[in-house]
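> Quick one: the structure is below, questions incoming.
Residue numbers (my numbering), protein chains in the order written: chain Y, -13 to 503; chain G, 8 to 175.
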């Protein structure tokens, strides 16, 4: 009997190891030989741990499984029909998965993330082999044609960045993967690194071949110890199998990878701060220009891309740029990994074409709040993203539509709040977070965030409200215009959107009556 | 919702005392890396539980940096501790997705019941509480890491159990 059990951090947090022990004990008692393959997660965190049984008709899913379910499950599996209350059928046909377009996450939760062979057997390395056969210029053209834009938040066209590095003259060049996924409500990078690390390795190798870089770094945040281990294990395996090293897949080209671990600084998700951190310095933001593509890591031309940007590339090379550009809408092409988080009934990751309305995610996939209380707000795009009310749920998920609505897509995190949320507290938190995480280099961010929290306190306690609201407006404008990077420059987005859409929460009288309750 | 019970699976090991030869060995092994400072600081903290003050001049010398530069890096990053932690470390998430599931009240109650502050350690030296901003466990909030192992859908009883379990 062969079963699949995720070891994704979310599955572990929800008791996957206890389920494993219970399954083994139950199998031993029944004298059943049980083979357990550890996979990543398919993304349905609400179904984790999601155990899958291999049958002649394909895999059948059961979830969410608790240790106490193990004995009963084993009996069901020994029966002909495998009926059990937790049975969800073939995961791919389940409505939560069937409505998705899984280009990047197609293998995640399916394959063994430690096995190069399994990756190759599921179509892995086809993109890299094609890249090696067509060469740098053609790779860059394909990436440009695909319309791929940086998935870290800024949405800069990936192909243009690569071309700058490709054309730069230097004794060495680097590819750096920004896996410092610090935005609350996002976990796509973590899931991918834990569930399909070879895809990221392949994407980085393609980038290396495209621009002529020989060394790559994956900068993973320390809050993701499981992802760090998964990436290190996969890099060793890929090197051993000849996909990394002095002679990538027999091409004569060299490219190797190393994992570096962050140290708890949110600002290191900003690309220039990340480069300083990799160099062993304080994670302080650099002024641009020079762009990292011209003068990046150790002063050399450097591709800095998010995990999901790099992980999209193998599919583009393997299936064609036009096929990728066939998904999405307007100037937002391809797919978006949306992470449904916070107070939501069916949280997890769904990969969908750009352009679907936010409502589909919050109400459709998400199924409303976890607490069952009325929905009140959703923050899209992490701590620097806007808080939207119900009225904006029909905003399409694409870069431009979100910008027009006063928000941003960021890294695709969607955090749902019920009616107990106090948006003045969330706005204050945005300032506090900015104050704590500011690198300190520019004044609008370093000082503005501290002053911002103070001004909100005055407003919510009823001190000189009209004047303080004017001060706050002024401060938000200053931070937006004069900050060196997105940390200070975008903190006004959560604050301003909370003020605009939920002004009643900033009303001191209401705050007092709330406190008295 | 039924959550898993959390157990302290890692052996409780007190942070070892300062050992110059040990630290020098760690530093020597990693000093040749490109951008070696963070890997060295991580390795020192992994061994000692914190970055001992005594290590700063050794690191500075090995990397040809000033002591001020090394000190500046150690203090910039939230991860590096300036004092030894308890036998177990609980990193409790305070970010938005966990807030949406009541993380603030959870943390406040936990700290009140156990006389803890952020970065503080229980009286018996068992458990150090540290804040963290996002663990990527946002669809099963509130979340935490206990000695690096992920925990989800936390509640009062589960957290209190950790303090019990951390007693020597």
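Where a beta carbon is used, it is the ideal one built from N, C-alpha and C, also for glycine.
Counting only runs that start and end within the segment 449 to 503 of chain Y, where is the alpha helix (DSSP H) found for 4 or more residues in a row?
451 to 468, 472 to 476, 478 to 487, 494 to 502
> Just to confirm the assignment: which complete alpha helix (DSSP H) runs, minimum length 4, are found wholly within the segment 257 to 341 of chain Y?
257 to 264, 293 to 305, 307 to 311
> What are the complete alpha helix (DSSP H) segments, minimum 4 residues, inside the segment 184 to 232 of chain Y?
Runs found: 211 to 226.
> Counting only beta-carbon atoms, is residue 144/G nearer than 7 Å to chain Y?
Numbered from its first residue, the second chain carries residue 144/G at position 137. For residue 144/G, the answer is yes, since a Cβ of chain Y falls inside 7 Å of its Cβ.
> For residue 84/Y, list the residues DSSP reports as bridge partners.
Here residue 84/Y corresponds to residue number 98 of the first chain, with the count starting at 1. In the DSSP output, where bridge partners are listed per residue, residue 84/Y has none listed.
> Mind the definition here: the segment 310 to 322 of chain Y touches the segment 338 to 350 of chain Y only if three or more C-beta pairs lie below 8 Å; say whether that holds.
Three or more Cβ pairs closer than 8 Å define a contact, and the segment 310 to 322 of chain Y meets that threshold against the segment 338 to 350 of chain Y.
> Roughly how many angstroms separate the alpha carbons of residue 331/Y and residue 31/Y, rounded to a whole number?
The residue given as residue 331/Y occupies position 345 in the first chain. The residue given as residue 31/Y occupies position 45 in the first chain. Distance between the alpha carbons of residue 331/Y and residue 31/Y is about 10 Å.
> Going along the segment 229 to 248 of chain Y in order, which residues come within less than 9 Å of chain G, judged by CB to CB distance?
244, 246, 247, 248
> With H, G and I counted as helix, E and B as strand and the rest as coil, what does DSSP make of residue 138/G?
Taking the second chain and counting its residues from 1, the one referred to as residue 138/G is at position 131. Here residue 138/G sits in strand by DSSP.
> Which of helix, strand or coil does DSSP assign to residue 31/Y?
Here the question's residue 31/Y lines up with position 45 in the first chain. Residue state, collapsed to three classes: helix.
> From the DSSP output, which residues share a beta bridge with residue 365/Y?
Position 379 of the first chain, counted from the first residue, corresponds to residue 365/Y. Partner(s): 373/Y, 401/Y.
> Please classify residue 82/Y: is it buried, with 16 or more other beta-carbons within 10 angstroms of its beta-carbon, or exposed?
Start at 1 with the first residue of the first chain, and residue 82/Y comes out as number 96. It is buried - the Cβ of residue 82/Y has at least 16 other Cβ atoms within 10 Å.
> If you count every other CB in all the chains shown that lies within 10 Å of the CB of residue 382/Y, and 16 or more means buried, which is it?
Here residue 382/Y refers to the residue found at position 396 when the first chain is read from its first residue. Residue 382/Y should be labelled buried.
> Please list the residues of the segment 105 to 120 of chain G that have a C-beta atom closer than 7 Å to any C-beta atom in chain Y, keeping them in chain order.
In summary, the residues of the segment 105 to 120 of chain G whose CB is separated from some CB of chain Y by less than 7 Å are 107, 108, in the order they occur in the chain.
> Would residue 426/Y and residue 393/Y be called neighbours here (beta carbons separated by less than 7 Å)?
The count along the first chain starts at 1 and reaches residue 426/Y at position 440. The count along the first chain starts at 1 and reaches residue 393/Y at position 407. Going by C-beta atoms, residue 426/Y is not nearer than 7 Å to residue 393/Y.
> Within its chain, find whatever has a CB closer than 8 Å to the CB of residue 1/Y; leave out the 5 residues flanking it on each side and keep chain order.
Sequence index remark: in the first chain, residue 1/Y carries index 15 (1-based). Correct list, in chain order: 35, 52, 53.
> Extract the residue ranges of the alpha helix (DSSP H) inside the segment 87 to 170 of chain G, only unbroken runs of 4 or more that lie entirely within it.
Runs of the alpha helix (DSSP H) inside the segment 87 to 170 of chain G: 103 to 106, 110 to 121.
> Since residue 85/G meets chain Y, which of its residues come closer than 8 Å, beta carbon to beta carbon?
Within the second chain, residue 85/G is the residue found at index 78, counting from 1. Correct list: 249, 250, 251.
> Which residues, in order along the segment 24 to 46 of chain G, keep a beta-carbon less than 9 Å from a beta-carbon of chain Y?
40, 41, 42, 43, 44, 45, 46
> Does the beta-carbon distance from residue 360/Y to residue 405/Y come in below 7 Å?
Against the first chain, residue 360/Y aligns to sequence position 374. Against the first chain, residue 405/Y aligns to sequence position 419. Yes, these two residues count as a Cβ contact at 7 Å.
> Who does residue 143/Y pair with in a DSSP beta bridge?
Numbered from its first residue, the first chain carries residue 143/Y at position 157. According to DSSP, residue 143/Y bridges with 135/Y.
> Between residue 91/G and chain Y, is there a C-beta pair that is closer than 7 Å?
Residue numbering aside, residue 91/G sits at position 84 when the second chain is read from its first letter. Against chain Y, the CB of residue 91/G has no partner CB under 7 Å away; the residue lies outside that interface.
> In the DSSP output, what is residue 343/Y paired with across the bridge?
Counted from its first residue, the first chain places residue 343/Y at position 357. Looking at the DSSP assignment, residue 343/Y forms a beta bridge with 382/Y.
> Is the beta carbon of residue 494/Y less than 7 Å from the beta carbon of residue 438/Y?
Taking the first chain and counting its residues from 1, the one referred to as residue 494/Y is at position 508. Taking the first chain and counting its residues from 1, the one referred to as residue 438/Y is at position 452. No, Cβ-Cβ distance for residue 494/Y and residue 438/Y is not below 7 Å.
> From residue 24/Y to residue 327/Y, what does the alpha carbon distance come to, in whole angstroms?
For the purposes of this step, residue 24/Y is identified with residue 38 of the first chain, where counting begins at 1. For the purposes of this step, residue 327/Y is identified with residue 341 of the first chain, where counting begins at 1. Distance between the alpha carbons of residue 24/Y and residue 327/Y is about 24 Å.
> Thinking residue 144/Y and residue 295/Y are a contact (beta carbons under 8 Å), I'd like their distance in whole angstroms, please.
Position 158 of the first chain, counted from the first residue, corresponds to residue 144/Y. Position 309 of the first chain, counted from the first residue, corresponds to residue 295/Y. 5 Å between Cβ atoms; contact.
> Which residue marks the beginning of the alpha helix (DSSP H) containing residue 105/Y, and which one marks its end?
Locating residue 105/Y in the first chain gives position 119, counting from the first residue. From DSSP, the alpha helix (DSSP H) with residue 105/Y extends over 102 to 107.
> Residue 166/G versus chain Y: which residues are under 7 Å apart at the beta carbon?
As a position in the second chain, residue 166/G is number 159, starting the count at 1. Result: empty, since nearest Cβ-Cβ is about 14 Å, beyond 7 Å.
> Based on DSSP bridge pairs, tell me the residues matched to residue 24/Y.
Translated into the one-based positions of the first chain, residue 24/Y becomes position 38. Looking at the DSSP assignment, residue 24/Y forms a beta bridge with -9/Y.
> I need the boundaries of the beta strand (DSSP E) containing residue 243/Y, first residue and last residue.
Residue 243/Y sits at position 257 when you count from the first residue of the first chain. If you look at residue 243/Y, you'll find it in the beta strand (DSSP E) that goes 242 to 247.
> Does the distance from the CB of residue 286/Y to the CB of residue 93/Y come in under 7 Å?
If you number the first chain from 1, residue 286/Y lands on position 300. If you number the first chain from 1, residue 93/Y lands on position 107. No.
> Do you know offhand how far residue 142/Y's Cα is from residue 127/Y's?
The residue you call residue 142/Y lines up with position 156 of the first chain. The residue you call residue 127/Y lines up with position 141 of the first chain. Each residue's alpha carbon lies about 15 Å from the other.
> Where does residue 39/Y sit, in a helix, a strand or coil, going by DSSP?
As a first step, residue 39/Y is located in the first chain; it is residue number 53 there, counting from the start. Residue 39/Y: strand per DSSP, three-state reduction.
> Measure the CB-CB distance between residue 217/Y and residue 177/Y and report whether it falls below 7 Å.
Here residue 217/Y is taken as the residue at index 231 of the first chain, counted from 1. Here residue 177/Y is taken as the residue at index 191 of the first chain, counted from 1. Cβ atoms of residue 217/Y and residue 177/Y: not closer than 7 Å.
> On the premise that residue 187/Y lies in contact with residue 221/Y, defined as a C-beta separation below 8 Å, what is that separation, rounded to the nearest angstrom?
Translated into the one-based positions of the first chain, residue 221/Y becomes position 235. Translated into the one-based positions of the first chain, residue 187/Y becomes position 201. Contact flag correct, Cβ pair sits at about 6 Å.
> Might you give, ordered along the chain, the residues of its own chain that have their beta carbon closer than 8 Å to the beta carbon of residue 496/Y, omitting 5 neighbours on each side?
Mapped onto the first chain, residue 496/Y falls at position 510. The answer, listed in chain order, is 490.
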